[in-house]
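> One structure, pasted below without further comment.
In my numbering, the protein residues as written are 474 to 753.
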């Protein structure tokens, strides 16, 4: 291995470490993909995770300036095809190799910018935020899975967006406590968490279920090397969603719902059996 290859591999390993430290569920999902997809998807996760950390974590810093600098470095890395920031270097490699549309990156970073603003979300801005923060991430991954097959990408694009949307909306419900009480964010249009009723919760859940149902139609049509990993992430979030549905509104406001590691292992084994016998 020459020095350049060593540098490239090391940067991918950095994003792999970030993924493993921040998300056991996505780490399991990536490991369930064909090996050729591991490094590219780690690179996507590392990029979006660090951008998200800027707006969610460093409250004592000038987050707007940090995000602006991160954005500038991102486009500079893509243009120059190199960065000494390991997260951005491996990300630019994936963007350039798989010809990921820069509009997807722009939409993602725009949603991160929206998190820095005090926004009263209406339906249009809510959909705009979800598209940029979650749907486009799914589309970046889909671009990798389709490996240049544009016809397949376009066919699977709508359900891939639905999957990202379902994941993000479940996250919103799961993270109400930290988003609302710690960051002052309310993403759901027309919802007052000081008066969060069963009817509000059920309306949100019905919308999420539609996304899950549509997403599943695309998962079963994914290339085989990607199908199991994506299905595993889908089953994990569906289990989390089912658990959230059983919680009353007041409990959702008070604690973060989780799926136990033992249950994740059970989902892993169950999804593997279905994948092996083509019964997804």
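All residues carry an ideal CB built from backbone N, CA and C; glycine is no exception.
Being a predicted model, the structure only gives us computed values, none of them experimental.
Give me, in chain order, the residues of the same chain whose beta-carbon lies closer than 7 Å to that of residue 504; leave out the 5 immediate sequence neighbours on both sides.
Stepping through the chain shown from its first residue, residue 504 is reached at position 31. Excluding positions up to five away in sequence, the list is empty.
> Hey, residue 642 and residue 592 are a contact pair by Cβ (cut 8 Å); roughly how many whole angstroms apart?
The residue labelled residue 642 in the question sits at position 169 within the chain shown. The residue labelled residue 592 in the question sits at position 119 within the chain shown. Their Cβ separation, rounded to whole angstroms, is 17 Å, which puts residue 642 and residue 592 out of contact at 8 Å.
> Note down the Cα distance separating residue 483 from residue 528, rounded to an integer number of angstroms.
For this step, residue 483 is matched to residue 10 along the chain shown. For this step, residue 528 is matched to residue 55 along the chain shown. Those two C-alpha atoms are separated by around 26 Å.
> If you drop the 5 nearest sequence neighbours on each side, which residues of the same chain put their C-beta closer than 6 Å to that of residue 602?
Here the question's residue 602 lines up with position 129 in the chain shown. Hits under 6 Å: 584, 587.
> Taking the alpha helix (DSSP H) that residue 589 belongs to, which residues open and close that run?
Your numbering for residue 589 matches position 116 in the chain shown. Careful: residue 589 lies outside any alpha helix (DSSP H) and carries neither H nor E.
> Between the segment 616 to 628 and the segment 549 to 562, do three or more beta carbon pairs fall short of 8 Å?
Touching, no, given that fewer than three Cβ pairs across the two stretches are closer than 8 Å.
> Do the segment 716 to 725 and the segment 660 to 680 make contact, defined as three or more Cβ pairs closer than 8 Å?
Yes: at least three Cβ pairs fall under 8 Å.
> Could you please give the first and the last residue of the uninterrupted alpha helix (DSSP H) stretch that includes residue 559?
Here residue 559 refers to the residue found at position 86 when the chain shown is read from its first residue. Where residue 559 is concerned, the enclosing alpha helix (DSSP H) stretches over 559 to 570.
> Can you check which of these residues, 606, 689, 696, is closest to residue 510 by C-alpha distance?
Looking up residue 510 in the chain shown gives position 37. Ranking the options by Cα distance to residue 510, first place goes to 696.
> Cutting at 6 Å between CB atoms, please list the residues of its own chain near residue 539, excluding the five before and the five after it.
Numbered from 1 along the chain shown, position 66 holds the residue referred to as residue 539. Excluding residues within five positions, the ones whose Cβ falls inside 6 Å are 527.
> Between the alpha carbons of residue 604 and residue 612, how many angstroms are there, rounded?
Along the chain shown, read from residue 1 onward, the residue named residue 604 stands at position 131. Along the chain shown, read from residue 1 onward, the residue named residue 612 stands at position 139. For residue 604 and residue 612, the distance between alpha carbons rounds to 10 Å.
> Could you say which of 633, 479, 581, 522 lies nearest to residue 500 if we only look at CA atoms?
Position 27 of the chain shown, counting from 1, holds the residue named residue 500. Closest by alpha carbon: 522.
> Quick check: what's the CA-CA separation for residue 498 versus residue 706?
Locating residue 498 in the chain shown gives position 25, where the first residue counts as 1. Locating residue 706 in the chain shown gives position 233, where the first residue counts as 1. If I take the Cα positions, the gap works out to 7 Å.
> Can you tell me which of 555, 480, 548 puts its alpha carbon nearest to the alpha carbon of residue 577?
Within the chain shown, the letter at position 104 stands for residue 577. Among 555, 480, 548, the Cα nearest to that of residue 577 belongs to 548.
> Who are the near neighbours of residue 717 in its chain, counting only those whose CB is closer than 6 Å to its CB and skipping five residues on each side?
The sequence position of residue 717 within the chain shown is 244, counting from 1. Contacts found: 646, 730.
> Does DSSP classify residue 553 as helix, strand or coil?
Residue 553 sits at position 80 when you count from the first residue of the chain shown. Residue 553 falls in the helix class under three-state DSSP.
> Starting from the C-beta of residue 595, find all residues in its chain whose C-beta is less than 6 Å away, skip the five residues before and the five after it, and write them out in chain order.
Indexing the chain shown from 1 puts residue 595 at position 122. So the qualifying residues of the chain are 662.
> Identify which residue in 563, 714, 636 has its Cα closest to the Cα of residue 516.
Here the question's residue 516 lines up with position 43 in the chain shown. Out of 563, 714, 636, 563 has the C-alpha closest to the C-alpha of residue 516.
> How far does the alpha helix (DSSP H) with residue 607 in it reach, from first residue to last?
Locating residue 607 in the chain shown gives position 134, counting from the first residue. Looking at the DSSP string, residue 607 is not in any alpha helix (DSSP H), and its letter there is neither H nor E.
> Exposed or buried, which one is residue 474 when buried takes at least 16 other CB atoms within 10 Å?
Along the chain shown, one-based indexing puts residue 474 at 1. Under this definition residue 474 is an exposed residue.
> Distance, Cα to Cα, residue 700 vs residue 693?
As a working note, residue 700 is residue 227 in the chain shown. As a working note, residue 693 is residue 220 in the chain shown. Roughly 7 Å between the two C-alpha positions.
> On a CA-only basis, which of 732, 481, 514 is nearest residue 492? Give me that one, please.
Translated into the one-based positions of the chain shown, residue 492 becomes position 19. When each option's Cα is compared against that of residue 492, the closest is 514.
> Could you tell me which whole beta strand (DSSP E) segments of length 3 or greater appear in the segment 492 to 560?
Within the segment 492 to 560, no complete beta strand (DSSP E) run reaches 3 residues.
> Does the Cβ of residue 646 lie closer than 6 Å to at least one heavy atom of the ligand NAD?
Because no ligand of any kind appears in the structure shown, any question about the ligand NAD cannot be addressed here.
> Decide if residue 572 is buried, meaning its Cβ has at least 16 other Cβ atoms within 10 Å, or exposed.
Numbered from its first residue, the chain shown carries residue 572 at position 99. It counts as exposed.
> Quick check for students: name the residue ranges of the beta strand (DSSP E) that lie wholly in the segment 678 to 711, counting only runs of 3 or more.
Complete beta strand (DSSP E) runs here, min 3: none at all.
> By DSSP, does residue 597 sit in helix, in strand, or in coil?
Within the chain shown, the letter at position 124 stands for residue 597. DSSP places residue 597 in helix when its eight states are reduced to three.
> In terms of residues, what are the limits of the alpha helix (DSSP H) holding residue 647?
Within the chain shown, residue 647 is the residue found at index 174, counting from 1. Residue 647 -> alpha helix (DSSP H) spans 623 to 647.
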